[in-house]
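Note sheet for the following structure.
Protein chains in written order, with this note's numbering: chain A, 1 to 141; chain B, 1 to 407.
Below, the structure written as structure tokens:
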């Protein structure tokens with residue numbers, strides 16, 4: 001009986017924590033290709049994108065994730081719930097089983113912005129001090 | 001027979017040259033980035049990825065997954081894939097694949113997957129063509145070395161020689177992710193199709209190995225259906241899953257020991273239960289797998305007279321943990337047990353337990369290197385009695401080394 005109450009309490013705690021989930025990216029912002037209709041996204045919808053639950057924008061354009069290895073790892077973890085290595089492995093599993101498209105990588109923040117600007121449906125997390133040219137900033141609700 | 005040998009030799013030579021070319025290309029490129037190729041200004045670019053894995057196996061007592069007792073490099077996998085989203089919510093993907101594991105496949109390239117996919121929304125999509133079969137954590141990516149910590153997955157569950165049995169099928173599937181609000185989400189895949197068995201595949205070699213004396217004739221492709229459910233819990237990083245697969249009338253033909261061919265046929269229900277938890281730099285995994293096959297043996301040339309039955313009822317479980325220290329280094333370990341309850345073989349042949357310790361080095365984003373030790377108890381998964389005529393030692397050791405290049 002005590003064990004059952006403990007597990008019910010644990011489940012309740014988890015559900016309560018889940019209710020207050022919010023996304024704060026450390027020193028980073030979310031950007032997207034200007035062709036993306038959305039101007040804002042919720043923390044949950046960003047997580048759904050980075051965990052492959054959502055693969056298309058409203059309207060059907062394929063979502064192209066672009067990443068900046070090393071420099072935005074902390075923010076990527078906050079968005080996806082996975083550390084950088086786990087995130088890479090997760091997408092490699094999808095790509096090599098025919099179930100998804102591996103994120104594109106850029107060497108620096110400027111290249112990442114250019115990559116997002118050039119690819120329809122692209123989304124990325126960039127350092128907050130990056131000059132944003134040819135892309136739109138996505139507000140996190 | 002001579003023609004067949006010459007053909008095999010030519011295929012092997014061509015594949016080896018392709019391997020060298022692919023390696024040289026990756027090394028010359030020196031980058032992990034995919035290649036995007038534009039076919040037309042009206043279409044999005046085609047996204048190319050590829051990999052080449054070369055392994056080395058050494059064991060101190062038995063020949064396992066090849067001629068490992070003297071050390072073998074006959075442990076290779078390579079793949080090249082392309083994907084495009086030509087229309088809204090539509091995706092086409094294709095992958096060519098080749099591998100060599102002991103006496104299985106031996107460098108015969110084949111179409112691994114070729115599929116078209118339409119996603120109605122997050123909750124439902126449809127995929128058709130040649131697809132990889134989802135089951136557990138690793139089945140759909142069982143031969144993708146770069147997507148895991150370990151060189152060898154628990155072999156009672158993910159036998160490196162049995163990919164024609166387990167990896168894919170020609171057919172279709174429904175997939176999607178159902179939100180459950182605060183309770184998490186449920187991801188599902190349900191599929192049906194035809195599993196293409198190969199007369200030169202691992203299962204055929206396993207059947208052949210069990211004939212003493214006897215001749216293996218052929219193995220049937222098998223209608224199969226099943227599904228995979230993953231419950232993504234509200235606890236970040238924790239998911240639990242269950243999969244079920246049903247092979248309908250799996251069968252094969254042998255001739256033993258008399259002159260008449262014997263056909264063995266039966267259904268194969270499989271179950272797999274999985275849990276995975278990613279917490280900080282840790283990944284914890286545990287899975288259980290079993291199937292139950294009873295093949296009824298009959299004589300097709302004698303009015304299908306039933307003469308007996310034989311089968312397998314294996315159970316395998318493992319628990320694994322891995323830890324990533326930094327972007328360059330990861331370590332992992334697992335313990336697994338395999339036992340077949342349909343057998344009456346005395347130890348050490350009736351089971352196989354394996355304690356594995358693995359180190360993974362990500363030398364570059366496009367180049368990884370792994371080294372792994374296996375302390376093994378039992379010989380139940382050797383499945384190669386010709387190379388292991390005597391199995392008297394219970395405890396033995398295996399070293400597995402592998403390097404993978406990818407882009």
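Yeah, the Cβ is synthetic: ideal placement off N, Cα and C, and Gly gets one too. Treat the numbers as computed from the prediction; the structure is a model and nothing was measured.
Check your understanding: Going along chain B, which residues have a C-beta under 7 Å from residue 141 of chain A?
Key -> Start at 1 with the first residue of the first chain, and residue 141 of chain A comes out as number 141. By Cβ distance, chain B contributes nothing, its closest Cβ being about 17 Å from residue 141 of chain A, past 7 Å.
Check your understanding: What's the call for residue 166 of chain B, buried or exposed, on a 16-neighbour Cβ count within 10 Å?
Key -> Counting from 1 along the second chain, the entry for residue 166 of chain B is found at position 166. Residue burial annotation: residue 166 of chain B is buried, with at least 16 other C-beta atoms found within 10 angstroms of its C-beta.
Review point. When the distance is taken between beta carbons, is residue 219 of chain B closer than 8 Å to residue 236 of chain B?
Key: On the second chain, residue 236 of chain B is found 236 positions in, with the first residue counted as 1. On the second chain, residue 219 of chain B is found 219 positions in, with the first residue counted as 1. Between residue 236 of chain B and residue 219 of chain B, the C-beta gap is not smaller than 8 Å, which leaves the two residues out of contact.
**Study point:** Cβ-based burial, residue 83 of chain A [other Cβ within 10 Å; buried from 16]
**Key:** On the first chain, position 83 is the one that residue 83 of chain A refers to. With 16 or more other Cβ atoms within 10 Å, it is buried.
Review point. Is residue 30 of chain B helix, strand or coil by DSSP?
Key: The residue labelled residue 30 of chain B in the question sits at position 30 within the second chain. Low local confidence applies: a pLDDT of 48 at residue 30 of chain B is under 50, so the model's placement there is unreliable, and no value is given.
**Study point:** Beta-carbon neighbours of residue 84 of chain A, restricted to chain B and to distances below 8 Å
**Key:** Working through the first chain from its first residue, we reach residue 84 of chain A at position 84. Using a Cβ-Cβ cut-off of 8 Å, residue 84 of chain A is close to 327 of chain B, given in chain order.
Practice item. Measure the C-alpha to C-alpha separation of residue 30 of chain B and residue 362 of chain B and round it to an integer number of angstroms. Key: On the second chain, position 30 is the one that residue 30 of chain B refers to. On the second chain, position 362 is the one that residue 362 of chain B refers to. Per-residue confidence for residue 30 of chain B stands at a pLDDT of 48, beneath the threshold of 50, marking its modelled position as unreliable; no derived number is given.
Review point. Can you tell which of B:47, B:130 and B:154 has its C-alpha closest to the C-alpha of residue 334 of chain B?
Key: On the second chain, residue 334 of chain B is found 334 positions in, with the first residue counted as 1. Checked all of B:47, B:130 and B:154; the closest Cα to residue 334 of chain B is B:154.
Review point. Residue 76 of chain B and residue 55 of chain B look like a contact to me (Cβ under 8 Å); what is the Cβ gap, rounded to whole Å?
Key: In the second chain, the residue the question calls residue 76 of chain B occupies position 76. In the second chain, the residue the question calls residue 55 of chain B occupies position 55. Yes, they are in contact, since the Cβ atoms of residue 76 of chain B and residue 55 of chain B sit about 7 Å apart, within 8 Å.
Check your understanding: Taking the continuous alpha helix (DSSP H) assigned at residue 87 of chain A, which residues delimit it?
Key -> In the first chain, counting from the first residue as 1, residue 87 of chain A sits at position 87. Where residue 87 of chain A is concerned, the enclosing alpha helix (DSSP H) starts and stops at 84-96.
Practice item. Indicate whether residue 373 of chain B and residue 394 of chain B have their beta-carbon atoms separated by less than 8 Å. Key: For this step, residue 373 of chain B is matched to residue 373 along the second chain. For this step, residue 394 of chain B is matched to residue 394 along the second chain. When the beta-carbon positions are compared, residue 373 of chain B and residue 394 of chain B stay at least 8 Å from each other.
Practice item. For residue 283 of chain B, go through chain A and note every residue whose CB falls closer than 7 Å to its CB, in chain order. Key: Indexing the second chain from 1 puts residue 283 of chain B at position 283. Within 7 Å Cβ-Cβ: 86.
Practice item. Output the distance between the C-alpha atoms of residue 174 of chain B and residue 99 of chain A, rounded to the nearest integer angstrom. Key: For this step, residue 174 of chain B is matched to residue 174 along the second chain. For this step, residue 99 of chain A is matched to residue 99 along the first chain. Going by the C-alpha atoms only, they are around 12 Å apart.
Check your understanding: With DSSP run on the structure shown, which of helix, strand or coil describes residue 26 of chain A?
Key -> The residue labelled residue 26 of chain A in the question sits at position 26 within the first chain. The DSSP-derived three-state label of residue 26 of chain A is coil.
**Study point:** residue 65 of chain A - DSSP class collapsed to helix/strand/coil
**Key:** Residue mapping note: residue 65 of chain A aligns to position 65 of the first chain, counting from 1. Look at residue 65 of chain A here: in three-state DSSP terms it is strand.
Check your understanding: What does residue 54 of chain B touch in chain A if you count any residue whose Cβ is under 9 Å from its own?
Key -> Within the second chain, numbered from 1, the residue matching residue 54 of chain B stands at position 54. None at all; the shortest Cβ gap to chain A is about 17 Å.
**Study point:** Backbone CA spacing between residue 314 of chain B and residue 156 of chain B [nearest angstrom]
**Key:** To locate residue 314 of chain B, count along the second chain from 1; it is residue 314. To locate residue 156 of chain B, count along the second chain from 1; it is residue 156. The straight-line gap from Cα to Cα measures roughly 8 Å.
Review point. For the candidate residues B:111, B:340, B:99 and B:57, whose alpha-carbon lies nearest to that of residue 421 of chain B?
Key: In the structure as shown, chain B begins at 1 and stops at 407. Residue 421 of chain B is therefore absent and cannot be evaluated.
Review point. Going along chain B, which residues have a C-beta under 9 Å from residue 56 of chain A?
Key: Numbered from 1 along the first chain, position 56 holds the residue referred to as residue 56 of chain A. What residue 56 of chain A touches in chain B: 85, 88, 89, 119, 121 and 122.
Check your understanding: What residue from B:63, B:257, B:352 and B:172 has the CA that sits closest to residue 115 of chain B's CA?
Key -> Within the second chain, the letter at position 115 stands for residue 115 of chain B. Considering only alpha carbons, the answer is B:172.
Check your understanding: Nearest to residue 42 of chain B by CA position, among B:144, B:85 and B:169, is which residue?
Key -> Numbered from 1 along the second chain, position 42 holds the residue referred to as residue 42 of chain B. It is B:85 whose Cα lies nearest to the Cα of residue 42 of chain B.
Exercise for review: Thinking residue 310 of chain B and residue 264 of chain B are a contact (beta carbons under 8 Å), I'd like their distance in whole angstroms, please.
Suggested key: As a position in the second chain, residue 310 of chain B is number 310, starting the count at 1. As a position in the second chain, residue 264 of chain B is number 264, starting the count at 1. With a Cβ gap of about 7 Å, residue 310 of chain B and residue 264 of chain B count as contacting.
Review point. Given that residue 61 of chain A touches chain B, what residues does it touch there, using C-beta distances under 7 Å?
Key: For the purposes of this step, residue 61 of chain A is identified with residue 61 of the first chain, where counting begins at 1. Simply 88.
**Study point:** Under 9 Å (Cβ pairs) to chain A, residues found in the stretch 338-372 of chain B
**Key:** Residues 362 and 365.
Practice item. Within the same chain, show all residues whose beta-carbon is closer than 6 Å to that of residue 270 of chain B, passing over the 5 residues directly before and after it, in chain order. Key: For the purposes of this step, residue 270 of chain B is taken as the residue at position 270 of the second chain. These residues qualify, in order along the chain: 245 and 291.
Exercise for review: Taking C-beta pairs closer than 7 Å, name the residues in chain B that residue 111 of chain A reaches, listed in chain order.
Suggested key: One-based indexing of the first chain puts residue 111 of chain A at position 111. For residue 111 of chain A, no chain B residue has a Cβ inside 7 Å of its Cβ, as the nearest lies near 11 Å away.
Check your understanding: At what residues does the alpha helix (DSSP H) containing residue 208 of chain B begin and finish?
Key -> Working through the second chain from its first residue, we reach residue 208 of chain B at position 208. Counting along the chain, the alpha helix (DSSP H) containing residue 208 of chain B begins and ends at 202-209.
Exercise for review: Can you say whether residue 302 of chain B is buried or exposed, counting buried as having 16 or more other CB atoms within 10 angstroms of its CB?
Suggested key: Numbered from its first residue, the second chain carries residue 302 of chain B at position 302. Its Cβ having fewer than 16 others within 10 Å, residue 302 of chain B is exposed.
**Study point:** Nonlocal neighbours in the same chain, by C-beta distance under 8 Å from residue 115 of chain A, ignoring five residues either side
**Key:** Indexing the first chain from 1 puts residue 115 of chain A at position 115. Cβ neighbours of residue 115 of chain A beyond the five flanking positions: 66, 104, 106, 122 and 124.
Exercise for review: For the stretch 69-87 of chain A and the stretch 317-329 of chain B, state whether three or more C-beta atom pairs, one from each stretch, are separated by less than 8 Å.
Suggested key: Because the criterion of three Cβ pairs below 8 Å is met, the stretch 69-87 of chain A and the stretch 317-329 of chain B touch.
Check your understanding: Okay, do the stretch 250-257 of chain B and the stretch 207-224 of chain B touch, 3+ Cβ pairs below 8 Å being the bar?
Key -> As far as the Cβ criterion goes, the stretch 250-257 of chain B touches the stretch 207-224 of chain B, which means the pair count is three or higher.
Exercise for review: Spell out the partners DSSP gives residue 78 of chain B in its beta bridges.
Suggested key: By one-based count along the second chain, residue 78 of chain B stands at place 78. B:52 and B:98.
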